[in-house]
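Letter 231 of the sequence shown, counting from 1, is numbered 230 in numbering that gives the first Met the number 0, and no numbers are missing. The next block holds one structure in the form of structure tokens; read it before the comments.
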Amino acid sequence: MSDQASSILDVLRYELSELGVTVICDAFIQGITRADGKFCVELAEGKVYRGDRVILATGGKAMPASGSDGNGYELASRLGHRITDVFPALVQLMLEGSFFKRIEGVKLAGTAEVIHRNKSVARDRGDILFANYGVSGPPILQISRVAGELLKQGEEVYLKINIMDTMSKEELLDLLKRRFQTGPSKPVDFSLVGLINKRLIPVVLKEAGIDDLTRPVANLSAAEKQGITDILTDWRFKVRGTKGWSSAQVTAGGVDTGDIDPNSMESRLIKGLFFAGQIMDIDGQCGGFNLQWAWTSGYIAGKNAAL
Ligand SMILES: Cc1cc2nc3c(=O)[nH]c(=O)nc-3n(C[C@H](O)[C@H](O)[C@H](O)COP(=O)(O)OP(=O)(O)OC[C@H]3O[C@@H](n4cnc5c(N)ncnc54)[C@H](O)[C@@H]3O)c2cc1C
0 MSDQASSILD VLRYELSELG VTVICDAFIQ GITRADGKFC VELAEGKVYR GDRVILATGG
60 KAMPASGSDG NGYELASRLG HRITDVFPAL VQLMLEGSFF KRIEGVKLAG TAEVIHRNKS
120 VARDRGDILF ANYGVSGPPI LQISRVAGEL LKQGEEVYLK INIMDTMSKE ELLDLLKRRF
180 QTGPSKPVDF SLVGLINKRL IPVVLKEAGI DDLTRPVANL SAAEKQGITD ILTDWRFKVR
240 GTKGWSSAQV TAGGVDTGDI DPNSMESRLI KGLFFAGQIM DIDGQCGGFN LQWAWTSGYI
300 AGKNAAL
């Protein structure tokens with residue numbers, strides 16, 4: 000209820016201190032080995048800690064500035080663990096098109112879909128935000144994993160945006176026709192003012208094949224009206240990539256869960272080695288699922304490591 004992330008850190012630190020746990024910060028672990036039944040955890044400056052149990056919770060690769068730059072995969076892999084392909088998830092999409100600079104910052108409530116081989120493979124609704132590279136916003140982040148995975152496989156991926164998703168195509172065409180009939184001499188660009196964000200109007204009309212934006216609407220052909228309707232309800236963009244690790248909130252892929260006991264989070268390969276959080280090949284959608292996973296798996300790993 001406090002809406003402060005630091006509250007979580009405070010209560011965790013309080014419990015650690017109550018339990019007399021030693022906390023060592025600013026310590027980069029560069030190697031973990033096993034010798035004489037003990038783990039040796041080696042710090043970058045050469046110091047070595049020995050212990051009976053190790054919990055690897057180094058995070059994934061998303062937002063490396065936060066410290067989780069993927070080096071944990073190397074630690075796990077050197078201990079024999081398989082790492083599945085990793086790619087950024089909950090991330091913005093970069094789209095093909097030369098007009099994004101002009102509509103950067105435009106926000107609208109609509110539906111976004113990932114289209115692969117002419118089929119919709121992921122869909123979400125909410126606030127979509129245009130940026131100079133493409134699109135952002137909650138629905139884009141939600142569907143980005145599917146797009147990212149297909150792109151990684153070398154597939155062609157398209158994004159479909161419906162910016163008038165509260166009505167059907169037919170209803171929108173009717174609405175446009177009525178608007179155009181009421182003011183037949185209005186320039187086509189002005190006739191859309193009030194219906195969609197003003198900055199989108201010239202781009203939408205150009206995309207619909209209407210170059211002269213000052214033409215009176217009475218002169219629009221049936222095909223041109225249909226063209227405007229199509230862009231407003233089914234605007235297609237080729238996806239050229241995801242924004243990458245520095246902007247991603249989550250990592251898809253990671254330590255293969257087949258080698259981890261789900262009841263204890265213990266490695267099936269090395270007794271006494273446990274995993275928690277993003278380092279594992281588990282990721283969720285927006286909505287707190289990733290933090291929940293980090294805490295739940297951390298709790299299970301902690302309980303079992305302490306047995
Ligand atoms: C901008 C952003 C917004 C997000 N918003 C949400 C949200 O609203 N809801 C949600 O559920 N999830 C959200 N997430 C995802 C969520 O933060 C992560 O899934 C979660 O923090 C993963 O926890 P973790 O403990 O596994 O890893 P991390 O939180 O990444 O922690 C790993 C730690 O290990 C340290 N480390 C790495 N390697 C070493 C090493 N060799 N030696 C020593 N230390 C090392 C790192 O410095 C880091 O401190 C967001 C992520 C980002 C980037």
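In this text, a Cβ means the ideal position worked out from N, Cα and C, and glycines have one as well.
ARG235 is bridged by DSSP to LYS159. With respect to PHE86, GLY147 sits close: the two C-beta atoms are nearer than 8 Å. Secondary structure of TYR13 (DSSP, three-state): helix. In this structure, the C-beta of LEU290 approaches ligand 1 to less than 7 Å from one of its heavy atoms.
DSSP, read as helix, strand or coil, puts ASP35 in coil. Under a 10 Å Cβ-count criterion, LEU94 is classified as buried, with 16 or more other Cβ atoms of the shown protein chains found around its own Cβ. Cβ contact annotation for THR110 (same chain, cutoff 6 Å, sequence separation greater than five): ARG124, ASN161, ASP164, in chain order.
Counting only the Cα atoms, ARG267 lies some 30 Å from CYS285.
Counting along the chain, ALA88 sits inside the beta strand (DSSP E) bounded by residues 86 to 88. Taking a contact as a CB-CB distance under 8 Å, the pair ILE102 and ARG239 does not count as one, their CB atoms being some 17 Å apart. For ASP282 and VAL254, the gap between their C-alpha atoms comes out near 12 Å.
For GLU112, the enclosing beta strand (DSSP E) covers residues 106 to 115.
In this chain, LYS151 is not harboured by any beta strand (DSSP E); it is covered by the alpha helix (DSSP H) spanning 137 to 151. In the structure shown, the three-state DSSP call for ALA300 is helix.
Residue state for GLU95 is assigned as coil, using DSSP reduced to three classes. For ALA61, the CB falls within less than 7 Å of some heavy atom of ligand 1. GLN141 is the residue among GLU169, GLN141, LEU158 whose C-alpha sits nearest the C-alpha of ASN289. Using a cutoff of 7 Å, the CB of GLY58 counts as near ligand 1, since one of the ligand's heavy atoms is closer than that. Close CB contacts of THR228 within its chain, under the 8 Å cut and outside five residues either way in sequence, are with LYS168, LEU171, LEU172, LEU175 (chain order).
In this model, ASN70 and ALA56 are separated by some 11 Å (Cα to Cα). The three-state secondary structure of PHE27, taken from DSSP, is coil. Nearest neighbour of VAL22 by Cα position, chosen from TYR48, ASP84, ASP2, ASP35, turns out to be TYR48. Secondary structure note for LEU128: its beta strand (DSSP E) is the uninterrupted segment 118 to 130.
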